[in-house]
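Residue numbers (my numbering): 15 to 421.
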């Protein structure tokens with residue numbers, strides 16, 4: 015699975031590399047008399063100006079793609095026509111559109127008859143870079159807002175996938191054992207509560223093992239692979255950035271990129287993130303798995319579980335939605351409140367942790383989450399001990415509440 019995830023991350027780059035459409039020649043009929051010569055070729059697209067009527071060009075079998083530039087294009091027209099004997103691509107149309115817009119804008123600027131206009135525009139051009147520093151931390155290297163957002167999103171989705179997939183695995187496993195009458199035999203020797211808790215812990219350890227493998231793999235890549243991929247000059251700039259001596263104006267790489275590479279090459283930082291991920295995974299999984307176990311014990315098949323499942327999936331979806339919002343603004347009041355609600359805390363808090371929120375918020379959220387899953391397991395066990403012996407009836411919420419009240 016970790017190798018599969020790495021392949022998925024590399025897939026877009028490989029697809030872009032191998033999905034090029036090859037070289038393409040575009041024949042240009044230019045009624046403006048000066049724009050076609052200003053179009054620039056690239057590795058995949060070549061512009062060739064031709065002098066013939068449009069009707070004749072369209073009838074020619076040798077001219078596959080024809081671009082028609084009307085005479086009023088420079089004076090206010092905006093309609094350009096592209097004729098092709100095959101489906102046009104967005105990449106080609108975007109290239110044509112951007113080049114024509116630049117040509118028209120430059121030509122219109124020259125009509126103002128301002129000397130050295132290009133030099134003036136170059137001098138007034140501004141490109142501001144922002145360096146973020148935390149005044150409440152001794153962190154001279156600053157913080158990377160972009161990296162914090164990306165890591166928050168990644169960790170949130172990892173938790174979302176584990177809670178949903180492995181939680182449903184608990185429910186499915188219980189339904190299968192109930193239909194096979196295996197549970198009736200097992201509970202003669204084991205208490206239903208112990209059986210349910212053991213199943214939750216067993217499947218939870220599978221999820222935990224997967225996360226640990228991912229963490230080890232990323233830590234190894236951060237410690238040994240990433241330093242080999244970073245050029246020596248960039249490594250020197252990273253060292254200067256960490257020492258607080260780098261001048262952003264002289265850096266060969268964007269400052270945000272330097273911060274991101276510096277953090278990703280810090281093995282202790284990677285391990286601490288996955289440590290927090292494991293803590294919230296354990297608490298969140300035990301909470302939701304207990305609910306899934308109660309649902310699985312109460313129904314006879316997957317179809318009957320569908321309606322009851324919505325009460326579990328809905329808070330998970332809320333958590334992932336507000337987790338994305340929390341990654342964008344980790345200090346918002348909504349993100350702060352949802353970080354302490356057990357059903358949304360795993361996703362929302364993991365989205366905030368890469369932004370270096372106060373540690374007391376993390377530990378309070380974990381304490382509430384763990385207390386909640388202990389309480390949820392107690393309630394789910396009461397439903398479980400009744401539900402595994404119920405057959406032929408599709409329970410509703412009232413039935414589950416009544417079973418939870420049994421002594």
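Backbone N, C-alpha and C fix where the C-beta goes; we use that ideal spot for every residue, glycine too.
Reducing DSSP to helix, strand and coil, say where residue i ends up.
{"i": "residue 154", "result": "Model confidence at residue 154 stands at a pLDDT of 42, short of 50, so the residue's coordinates are unreliable and nothing is read from them."}
{"i": "residue 98", "result": "strand"}
{"i": "residue 283", "result": "helix"}
{"i": "residue 234", "result": "helix"}
{"i": "residue 128", "result": "coil"}
{"i": "residue 110", "result": "helix"}
{"i": "residue 244", "result": "coil"}
{"i": "residue 407", "result": "coil"}
{"i": "residue 38", "result": "strand"}
{"i": "residue 315", "result": "coil"}
{"i": "residue 201", "result": "coil"}
{"i": "residue 420", "result": "coil"}
{"i": "residue 208", "result": "helix"}
{"i": "residue 399", "result": "helix"}
{"i": "residue 195", "result": "coil"}
{"i": "residue 103", "result": "coil"}
{"i": "residue 162", "result": "helix"}
{"i": "residue 386", "result": "helix"}
{"i": "residue 379", "result": "helix"}
{"i": "residue 140", "result": "coil"}
So is residue i buried or exposed if we call it buried at 16+ other beta carbons inside 10 Å?
{"i": "residue 407", "result": "exposed"}
{"i": "residue 317", "result": "exposed"}
{"i": "residue 41", "result": "buried"}
{"i": "residue 124", "result": "exposed"}
{"i": "residue 110", "result": "buried"}
{"i": "residue 174", "result": "buried"}
{"i": "residue 170", "result": "buried"}
{"i": "residue 44", "result": "buried"}
{"i": "residue 117", "result": "buried"}
{"i": "residue 129", "result": "exposed"}
{"i": "residue 126", "result": "exposed"}
{"i": "residue 140", "result": "exposed"}
{"i": "residue 324", "result": "exposed"}
{"i": "residue 73", "result": "exposed"}
{"i": "residue 245", "result": "exposed"}
{"i": "residue 367", "result": "buried"}
{"i": "residue 21", "result": "exposed"}
{"i": "residue 417", "result": "buried"}
{"i": "residue 217", "result": "buried"}
Sort the options by Cα distance to residue i and report the nearest one.
{"i": "residue 383", "options": "372, 282 and 356", "result": "356"}
{"i": "residue 70", "options": "104, 295, 296 and 97", "result": "97"}
{"i": "residue 49", "options": "114, 80 and 66", "result": "114"}
{"i": "residue 386", "options": "204, 94 and 302", "result": "302"}
{"i": "residue 403", "options": "251, 192 and 171", "result": "192"}
{"i": "residue 326", "options": "376, 182, 364 and 203", "result": "182"}
{"i": "residue 57", "options": "38, 353, 234 and 65", "result": "38"}
{"i": "residue 377", "options": "294, 410, 100 and 46", "result": "294"}
{"i": "residue 413", "options": "369, 350, 322 and 372", "result": "322"}
{"i": "residue 63", "options": "73, 328, 51 and 72", "result": "51"}
{"i": "residue 305", "options": "81, 101, 396 and 94", "result": "396"}
{"i": "residue 298", "options": "78, 330 and 244", "result": "330"}
{"i": "residue 369", "options": "354, 194, 77 and 162", "result": "162"}
{"i": "residue 319", "options": "241, 381 and 190", "result": "190"}
{"i": "residue 159", "options": "275, 409 and 335", "result": "275"}
{"i": "residue 237", "options": "187, 278, 200 and 219", "result": "278"}
{"i": "residue 420", "options": "188, 398, 410 and 409", "result": "398"}
{"i": "residue 60", "options": "106, 95 and 359", "result": "106"}
{"i": "residue 220", "options": "243, 254 and 179", "result": "179"}
{"i": "residue 272", "options": "253, 283, 195 and 76", "result": "253"}
{"i": "residue 172", "options": "314, 360 and 102", "result": "360"}
{"i": "residue 283", "options": "120, 379, 337 and 232", "result": "232"}
{"i": "residue 185", "options": "352, 353, 314 and 93", "result": "314"}
{"i": "residue 83", "options": "90, 77, 201 and 95", "result": "95"}
{"i": "residue 280", "options": "198, 201 and 249", "result": "249"}
Handout entry: In chain order, each beta strand (DSSP E) run of at least 3 residues that lies wholly inside the segment 43 to 92
Key = For the beta strand (DSSP E) assignment, the uninterrupted runs of no fewer than 3 residues enclosed by the segment 43 to 92 are, from N- to C-terminal side, 59 to 63 and 79 to 83.
Problem - Any 3 or more C-beta pairs closer than 8 Å across the segment 287 to 301 and the segment 220 to 233 - result: Contact holds: three or more Cβ-Cβ distances are below 8 Å.
Handout entry: Residue ranges of each alpha helix (DSSP H) within the segment 317 to 371, 4 or longer
Key = 347 to 352 and 359 to 366
Exercise for the section: Could you say if the segment 306 to 318 and the segment 121 to 139 meet the contact criterion of at least three C-beta pairs nearer than 8 Å? Expected result: In short, these stretches do not touch, since the Cβ pair count stays below three.
Handout entry: Three-pair Cβ contact test at 8 Å for the segment 339 to 349 versus the segment 162 to 172
Key = The segment 339 to 349, when compared against the segment 162 to 172, does touch it at the 8 Å Cβ threshold.
Practice task
Could you say if the segment 195 to 213 and the segment 385 to 400 meet the contact criterion of at least three C-beta pairs nearer than 8 Å?
Solution key: The segment 195 to 213, when compared against the segment 385 to 400, does touch it at the 8 Å Cβ threshold.
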